[in-house]
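The structure appears below as structure tokens.
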Amino acid sequence: MTSLTEFPPDALNVLMRAIEEGEIVVPRVGLINSNNGFRLVSAQNPYDDVGTSKVSMGIFDRLCKLKMTYQSKEEEEQIVKLRTDCKDEKLVEQAVEITRRTRNHPEIKQGASVRGAMHFVEIFQQLTDLEKENIQDFEIYLSLALDAAYMALGSKIWLVETSQKTPEQVIKQIVLEVLRIISPSEETRIRPYRMSEPSSEFLEESRKFFRSSNQ
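At position 157 of the sequence shown (counting the first as 1) the number is 158 in this note's numbering, and the numbers step up by one without a gap.
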């Protein structure tokens with residue numbers, strides 16, 4: 002089962018007999034018995050506001066919980082390369098790092114999965130196709146990276162209830178840190194509802210880093 006919380010309660014109640022007794026009654030077919038070793042395996046995403054239902058304690062009492070964590074950085078990079086067919090290792094590494102930082106940011110309650118990195122790479126590649134030769138310009142590269150991050154991650158992160166920032170502000174902060182335009186310590190100087198713009202020193206160092214990494 003793809004997502005346990007997306008099934009209506011009546012459908013889940015039908016499964017209780019299959020879980021408990023290893024059999025189920027199908028209309029016009031009759032009784033169907035399971036084979037030895039039958040297991041019901043399902044995933045459960047966090048409860049959303051729409052489209053999910055609460056699972057009864059009767060169902061939970063018959064299930065065992067296996068908590069899954071995110072893949073390692075190396076595994077996520079391989080997934081992104083496989084799903085996007087991207088040959089630019091630097092872009093893949095940046096996309097994965099930006100996405101992973103959404104999972105431990107103090108302003109974010111729930112970060113993005115590896116899908117965020119996949120969508121970042123796909124969007125960035127399509128945006129660069131429009132710029133072509135201008136992509137070697139640092140300011141254009143940064144602008145495209147921010148646009149791709151806003152579109153790829155904006156709908157995939159949940160901010161904490163007490164946050165005074167927008168998702169775009171938090172995403173911008175993460176992108177600037179990953180691209181080495183600002184340091185993480187500058188986070189303390191960010192005022193509510195405003196993003197800290199990179200200093201001229203950091204911007205010049207970033208241009209040098211960008212040019213050297215593309216030689």
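Ideal Cβ positions, reconstructed from N, Cα and C, are used throughout, including at glycine.
Where does residue i land, buried or exposed, given buried means 16+ other C-beta within 10 angstroms?
i      : result
Val15  : exposed
Gln127 : exposed
Ser4   : exposed
Arg18  : exposed
Phe39  : exposed
Pro9   : exposed
Pro28  : exposed
Lys166 : buried
Val97  : buried
Thr70  : exposed
Glu90  : exposed
Arg63  : exposed
Glu77  : buried
Leu92  : buried
Thr163 : exposed
When you compare each of the options to residue i by their alpha carbons, which one comes out closest?
i      : options                       : result
Leu218 : Ser156, Ser43, Glu169, Val176 : The chain is shown from 2 up to 216; residue 218 falls before or after that span and cannot be answered.
Lys55  : Val171, Leu154, Leu13, Met119 : Leu13
Ala150 : Glu178, Ser164, Asp86, Gln137 : Glu178
His120 : Ile99, Val161, Thr163         : Ile99
His106 : Ile20, Lys66, Ile172, Lys91   : Ile172
Ser57  : Asp11, Lys91, Leu83           : Asp11
Glu94  : Gln165, Ala146, Glu162        : Ala146
Val42  : Asp62, Val26, Asn36, Leu67    : Leu67
Gln170 : Gly155, Glu90, Asn37          : Gly155
Thr6   : Gln45, Leu83, Leu32           : Gln45
Just to confirm the assignment, what range does the beta strand (DSSP E) spanning residue i have?
i     : result
Asn34 : 31 to 34
Glu24 : 24 to 27
For my contact list, residue i and residue j are in at a C-beta cut-off of 8 angstroms; report their separation, rounded to the angstrom.
i      : j      : result
Ala118 : Val81  : 5 angstroms
Ala153 : Ile109 : With 8 angstroms as the limit, Ala153 and Ile109 do not qualify as a contact, their Cβ atoms being about 15 angstroms apart.
Glu21  : Asn34  : So it is not a contact: roughly 13 angstroms between Cβ atoms.
Glu103 : Ile158 : In the sequence on display, residue 103 carries Thr and not Glu. So it is a contact: roughly 5 angstroms between Cβ atoms.
Val122 : Cys87  : 5 angstroms
Pro168 : Leu180 : Actually they do not touch by this definition, with Cβ atoms about 18 angstroms apart.
Arg116 : Lys74  : Their Cβ separation, rounded to whole angstroms, is 16 angstroms, which puts Arg116 and Lys74 out of contact at 8 angstroms.
Over what stretch of residues does the alpha helix (DSSP H) that includes residue i continue unbroken?
i      : result
Pro9   : Note, Pro9: premise wrong, no alpha helix (DSSP H); not H, not E.
Met69  : Premise fails: Met69 is in no alpha helix (DSSP H) and is neither H nor E.
Gly59  : 58 to 61
Glu169 : 168 to 179
Ile158 : Looking at the DSSP string, Ile158 is not in any alpha helix (DSSP H), and its letter there is neither H nor E.
Thr3   : No alpha helix (DSSP H) contains Thr3, which DSSP labels as neither H nor E.
Lys82  : 74 to 85
For residue i, would you say it is in contact with chain C, using Cβ-to-Cβ distances shorter than 8 angstroms as the test?
i     : result
Arg40 : Absence of chain C from the displayed structure is noted, only one protein chain being present.
Contiguous beta strand (DSSP E) assignments of at least 3 residues, all confined to the stretch 87 to 144: 109 to 111
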